[in-house]
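J.:
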Amino acid sequence: MPHDAAATSEDTTRRYYDTADVDAFYDAVWGGEDIHTGIYRGPREPVADASRRTVEQAADKVADLLTADSLALDLGSGYGGATRRLAERFGCRVTALNLSESQNRRHRARNAERGLDRLIEVVTGSFHAIPYPDRHFDLVWSQEAFCHSGDRTRLLREAVRVLKPRGALVFTDVMAAEDAPADALRPAVARLGVDTLATPGFYRRALRDLGLAHVDFDDRSEHLVHHYVRVTEETRRRERDLRGTISGAYVDGLLANLPLWVAAARAGRLRWGIFRCTY
Ligand SMILES: C[S@@+](CC[C@H](N)C(=O)[O-])C[C@H]1O[C@@H](n2cnc3c(N)ncnc32)[C@H](O)[C@@H]1O
Numbered sequence: 292m293p294h295d296a297a298a299t300s301e302d303t304t305r306r307y308y309d310t311a312d313v314d315a316f317y318d319a320v321w322g323g324e325d326i327h328t329g330i331y332r333g334p335r336e337p338v339a340d341a342s343r344r345t346v347e348q349a350a351d352k353v354a355d356l357l358t359a360d361s362l363a364l365d366l367g368s369g370y371g372g373a374t375r376r377l378a379e380r381f382g383c384r385v386t387a388l389n390l391s392e393s394q395n396r397r398h399r400a401r402n403a404e405r406g407l408d409r410l411i412e413v414v415t416g417s418f419h420a421i422p423y424p425d426r427h428f429d430l431v432w433s434q435e436a437f438c439h440s441g442d443r444t445r446l447l448r449e450a451v452r453v454l455k456p457r458g459a460l461v462f463t464d465v466m467a468a469e470d471a472p473a474d475a476l477r478p479a480v481a482r483l484g485v486d487t488l489a490t491p492g493f494y495r496r497a498l499r500d501l502g503l504a505h506v507d508f509d510d511r512s513e514h515l516v517h518h519y520v521r522v523t524e525e526t527r528r529r530e531r532d533l534r535g536t537i538s539g540a541y542v543d544g545l546l547a548n549l550p551l552w553v554a555a556a557r558a559g560r561l562r563w564g565i566f567r568c569t570y
């Protein structure tokens with residue numbers, strides 16, 4: 292049977308996010324709403340506040356596009372922080388497509404608590420095979436999910452396929468610098484269950500090949516060091532609590548892995564920012 296890199300990455304991702312340890316870690320350290328890189332105002336800012344700012348600044352980029360009649364799709368929606376914000380801010384309907392059923396259960400419960408369940412549909416599935424027709428959505432959105440893909444060309448093809456001709460694809464992702472040696476990043480990246488990260492150049496080329504003439508990358512890589520330092524500090528500060536709810540092996544793994552991300556960011560080997568892409 293041919294090796295299917297997309298399916299392998301889906302299995303790894305499902306196993307990763309569907310464990311109680313990972314669920315408890317993201318809840319404790321990120322605040323359980325958003326799980327992506329933050330945009331920081333200061334060195335002591337909580338990860339959750341900075342992560343919220345990222346959603347707001349990415350959403351600013353589609354303020355001219357979305358109305359209450361719009362349909363948006365959030366790929367790899369996690370606990371649904373951005374999904375809810377898009378629905379709340381623009382009054383639009385949002386479909387959240389995500390692999391992890393345990394995240395999706397939590398996501399649906401929060402939507403109901405916030406009275407947003409009438410605008411949001413949470414669907415379990417993969418962005419490698421998006422279960423919607425061509426040209427269906429005004430906005431295709433994603434944050435820190437494409438990094439988990441074992442076949443990014445396929446996922447981008449799917450994301451662009453479901454986009455309306457006047458729509459926009461907006462996403463953030465943690466990426467490698469163009470000149471970063473893959474071997475140097477592999478130990479850090481292993482936690483995501485993939486071999487390599489994309490680069491900004493890869494996204495530009497792949498999206499242009501798919502017909503998106505305007506690929507704008509707002510490079511905010513300067514926030515990466517700060518972000519991984521804050522997440523590492525927070526994990527260390529909460530270590531005792533975390534060991535009460537999360538297995539010791541998982542906490543040990545995190546405390547070994549997170550400094551690798553700090554070092555990679557300090558060495559200039561990572562990139563991060565907000566893409567806005569249109570036809
Ligand atoms: C780092 S979390 C980000 C969650 C959310 N976007 C956020 O920013 O808070 C990565 C998410 O990608 C999802 N994911 C990874 N691979 C996926 C796939 N093939 N299809 C759908 N979701 C996927 C995971 O389930 C997880 O929710």
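At position 251 of the sequence shown the residue is numbered 542 (my numbering), and the sequence of numbers has no breaks. All C-beta atoms, glycine included, are put in the ideal place defined by N, C-alpha and C.
#1: Name the DSSP beta bridge partners of residue 433, please?
#2: Three-state secondary structure (DSSP) at residue 467?
#3: Less than 8 Å separating the Cβ of residue 329 from some heavy atom of ligand 3?
#4: Taking only heavy atoms of ligand 1 into account, decide whether any of them is closer than 8 Å to the Cβ of residue 348.
#5: Look up residue 358 in the DSSP assignment and say whether it is helix, strand or coil.
#6: Buried or exposed: which applies to residue 358, given that a residue is buried once 16 or more other Cβ atoms fall within 10 Å of its Cβ?
#7: Is residue 542 close to chain D? Criterion is C-beta to C-beta, closer than 9 Å.
#8: Please name the residue or residues paired with residue 387 in a DSSP beta bridge.
#9: Alpha carbon to alpha carbon, how far is residue 436 from residue 516?
#10: Rounded to the nearest angstrom, how far is the Cβ of residue 566 from that of residue 493, given a contact under 8 Å?
#11: In terms of residues, what are the limits of the alpha helix (DSSP H) holding residue 332?
#12: Check whether the Cβ of residue 402 sits closer than 8 Å to any heavy atom of ligand 1, and report yes or no.
#13: In three-state DSSP terms, what is residue 506?
#14: Using the C-alpha atoms, what's the distance from residue 361 back to residue 335?
#15: Could you give the C-beta distance for residue 372 and residue 324, rounded to a whole number, given that I count them as a contact under 8 Å?
#16: Please return the same chain residues whose Cβ sits closer than 6 Å to the Cβ of residue 408, not counting the five positions on each side in sequence.
#17: Below 9 Å between beta carbons: does that hold for residue 541 and residue 312?
#18: Using C-beta distances below 6 Å, list every residue in its chain close to residue 378, excluding the 5 sequence neighbours before and after it, in chain order.
#19: Using the C-alpha atoms, what's the distance from residue 568 back to residue 507?
#20: Taking the alpha-carbon positions, what's the residue 339 to residue 321 distance?
#21: For residue 275, count neighbouring Cβ atoms within 10 angstroms of its own Cβ and tell me buried if that reaches 16, exposed if not.
#22: Quick check on DSSP: helix, strand or coil for residue 406?
#23: Is it right to say residue 400 is buried, meaning 16 or more other beta carbons lie within 10 angstroms of its own, or is it exposed?
#24: When the Cα of residue 316 is compared with those of 547, 552 and 529, which residue comes out closest?
#25: Suppose only complete runs of 4+ residues qualify. What are the alpha helix (DSSP H) ranges in the segment 478–548, listed by chain order?
#26: Taking its Cβ as the centre, do 16 or more other Cβ atoms sit within 10 Å of residue 249, making it buried, or is it exposed?
#27: Quick check on this structure: which residue in 398, 387, 393 and 405 has the alpha carbon closest to the alpha carbon of residue 423?
#28: Beta carbon of residue 389: closer than 8 Å to some heavy atom of ligand 1?
#29: Quick check on the burial criterion: 16 or more other C-beta atoms within 10 angstroms. Buried or exposed for residue 505?
T.: Checking against the coordinates, here is how it stands:
#1: DSSP lists 366 and 462 as partners of residue 433.
#2: strand
#3: Looking at this structure, you won't find ligand 3 anywhere; what it does contain is ligand 1.
#4: no
#5: Looking at residue 358 - three-state DSSP - the assignment turns out to be coil, as it is neither helix nor strand.
#6: exposed
#7: Among the protein chains of the structure shown there is no chain D, as only one such chain exists.
#8: 365 and 413
#9: 19 Å
#10: Not quite, the Cβ-Cβ distance comes to about 12 Å (not below 8 Å), so this is no contact.
#11: It is not in any alpha helix (DSSP H) - residue 332 carries neither H nor E in the DSSP assignment.
#12: No; taking the cut-off as 8 Å, the Cβ of residue 402 has no heavy atom of ligand 1 nearer than that.
#13: strand
#14: 37 Å
#15: 4 Å
#16: 402
#17: yes
#18: 385, 407, 410 and 411
#19: 6 Å
#20: 5 Å
#21: Residue coverage of the chain in this structure runs from 292 to 570, which leaves residue 275 outside it and unanswerable.
#22: Of the three classes helix, strand and coil, the one that applies to residue 406 here is coil, per DSSP.
#23: Here residue 400 is exposed: its Cβ has fewer than 16 other Cβ atoms, across all protein chains shown, within 10 Å.
#24: 529
#25: Listed in chain order, the alpha helix (DSSP H) elements of length 4 or more contained wholly in the segment 478–548 are 491–500, 514–528 and 530–536.
#26: Nothing about residue 249 can be read from this structure; the chain reaches only from 292 to 570.
#27: Closest option to residue 423, Cα to Cα, is 387.
#28: yes
#29: exposed
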